[in-house]
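Student: Oh and the sequence shown: position 17 is 4 in my numbering, straight run, nothing missing. Note that beta-carbon positions come from the ideal geometry of N, C-alpha and C, so glycine has one too. Quick one: the structure is below, questions incoming.
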Amino acid sequence: LLSIKRDRQPSESFTEFFMRKGVRGVILRCSRRNRAIISQIVAERFPSVVVSEQFDDEAVSYVRAESYSSSRRAMEHLIGLGHRRIALAIHNVSDSDHADRRRAYEDGLYCAGIPLDPGLIFEQPDSLFAGEHVVDAIRAAASPPTAIFATNPITALGVMRRAQEL
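Set out below in C-alpha cells:
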C-alpha cells in the first residue's frame, strides 16, 4: 500500500514515483476527492485499474460493484420485519459504491412511506470503533431505532460486538 500524498516527491511524475517504489502496475482506490489524480496517472499511461468508482473516460480502466440492488433488498427485508426507524451506518468515503448504498437506504424508506431522519445516519470511517459508536449513540437517543443497516463489514462487526457486550 502506498500513499501518493505522503510518499511522492513534488518533482516526480506518478510514473517516476511508482517506478521508484518498485511498482509496475497499480490498483487505485478512488473517491470523488482524488479523481483528478487518477486522471493524471491514466494520462501518463501507467498500468492501472480503479476500484469502487465509475469513470466516463474510456481511457480509465475500472471495476465497480453494483451494490444498490443488494442494499435495497436489505432495506426491504428490515422494513418487511416491521422496522420503521432504521439507522444507517455508512463509510464516509465519497465513491459511487457508497452513494449506491445510501441511495438504496433512502429509496427503501421513501417507498415504504417512512420519513428520512437525518439523525439516524452515521457517516464515519469504516472501523470496529465506528460500529460501537453507532450502538452507543442510538442507545442514548430519545427515540432509538429498532434496526441498523451497516453498509461495511468492519462497522457491522463493531455493531455486533457492542451489542453482544451489552
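1. Return the bridge partner residues of F109 from the DSSP annotation.
2. What's the gap between the Cα of G9 and the Cα of S35?
3. Could you tell me the distance, in whole angstroms, from the CA atom of T142 to the CA atom of Q151?
4. With a CB to CB cut of under 6 angstroms and the five nearest residues on each side skipped, what residues in its chain are close to S48?
5. Drop a sphere of 10 angstroms on the beta-carbon of D87, count the other beta-carbons inside from all chains shown, and report buried for 16 or more, exposed for fewer.
6. Short of 7 angstroms in beta carbon distance, which residues of its chain neighbour F42, apart from the five on each side in sequence? Order them along the chain.
7. Examine the Cβ distances between the stretch 117 to 128 and the stretch 56 to 65 and report whether three or more of them are shorter than 8 angstroms.
8. DSSP three-state call for L153: helix, strand or coil?
9. Go ahead and label G69 buried or exposed: buried means 16 or more other beta carbons lie within 10 angstroms of its beta carbon, across all protein chains shown.
10. Which class does L15 belong to by DSSP, given the choice of helix, strand or coil?
11. To which residues of the same chain is D94 closer than 7 angstroms at the C-beta, ignoring the five residues directly before and after it?
12. Enumerate in chain order the residues of its own chain whose CB-to-CB distance from I14 is below 7 angstroms, with the five nearest sequence positions on each side excluded.
13. What do you get for Y160, buried or exposed, if any count of 16 or more other CB atoms within 10 angstroms of its CB means buried?
14. Leaving out five residues on either side along the sequence, give the residues of the same chain with a beta carbon under 7 angstroms from the beta carbon of A91.
15. Go through its chain and collect everything with a Cβ distance to F4's Cβ below 6 angstroms, but skip five positions before and after it.
Tutor: Looking at the atomic coordinates:
1. The residue you call residue 109 lines up with position 122 of the sequence shown. According to DSSP, which records beta bridges pairwise, F109 is partnered with A76.
2. For the purposes of this step, residue 9 is taken as residue 22 along the sequence shown, with counting starting at 1. For the purposes of this step, residue 35 is taken as residue 48 along the sequence shown, with counting starting at 1. Cα to Cα, G9 sits roughly 14 angstroms from S35.
3. To locate residue 142, count along the sequence shown from 1; it is residue 155. To locate residue 151, count along the sequence shown from 1; it is residue 164. When rounded, the separation of the alpha-carbon atoms in T142 and Q151 is 14 angstroms.
4. For this step, residue 48 is matched to residue 61 along the sequence shown. The residues are V36.
5. By 1-based counting over the sequence shown, the position of residue 87 is 100. By the C-beta density criterion, D87 is buried, having at least 16 other C-beta atoms within 10 angstroms.
6. As a position in the sequence shown, residue 42 is number 55, starting the count at 1. Y49, listed in sequence order.
7. Contact between the stretch 117 to 128 and the stretch 56 to 65 is absent, with fewer than three C-beta pairs closer than 8 angstroms.
8. For the purposes of this step, residue 153 is taken as the residue at position 166 of the sequence shown. In this structure, L153 counts as coil in the three-state DSSP scheme.
9. Taking the sequence shown and counting its residues from 1, the one referred to as residue 69 is at position 82. Exposed, since its Cβ has fewer than 16 Cβ neighbours within 10 Å.
10. For the purposes of this step, residue 15 is identified with residue 28 of the sequence shown, where counting begins at 1. If DSSP states are grouped into helix, strand and coil, L15 belongs with the strands.
11. Along the sequence shown, one-based indexing puts residue 94 at 107. Cβ contact annotation for D94 (same chain, cutoff 7 angstroms, sequence separation greater than five): R59, in chain order.
12. In the sequence shown, residue 14 corresponds to position 27, counting from 1. Within the same chain, I14 has close Cβ partners V36, V38.
13. It is not possible to answer for residue 160, since the shown part of the chain is limited to -12 through 153.
14. Along the sequence shown, read from residue 1 onward, the residue named residue 91 stands at position 104. These residues qualify, in order along the chain: Y55, S58, R59, M62.
15. Taking the sequence shown and counting its residues from 1, the one referred to as residue 4 is at position 17. Around F4: R(-5).
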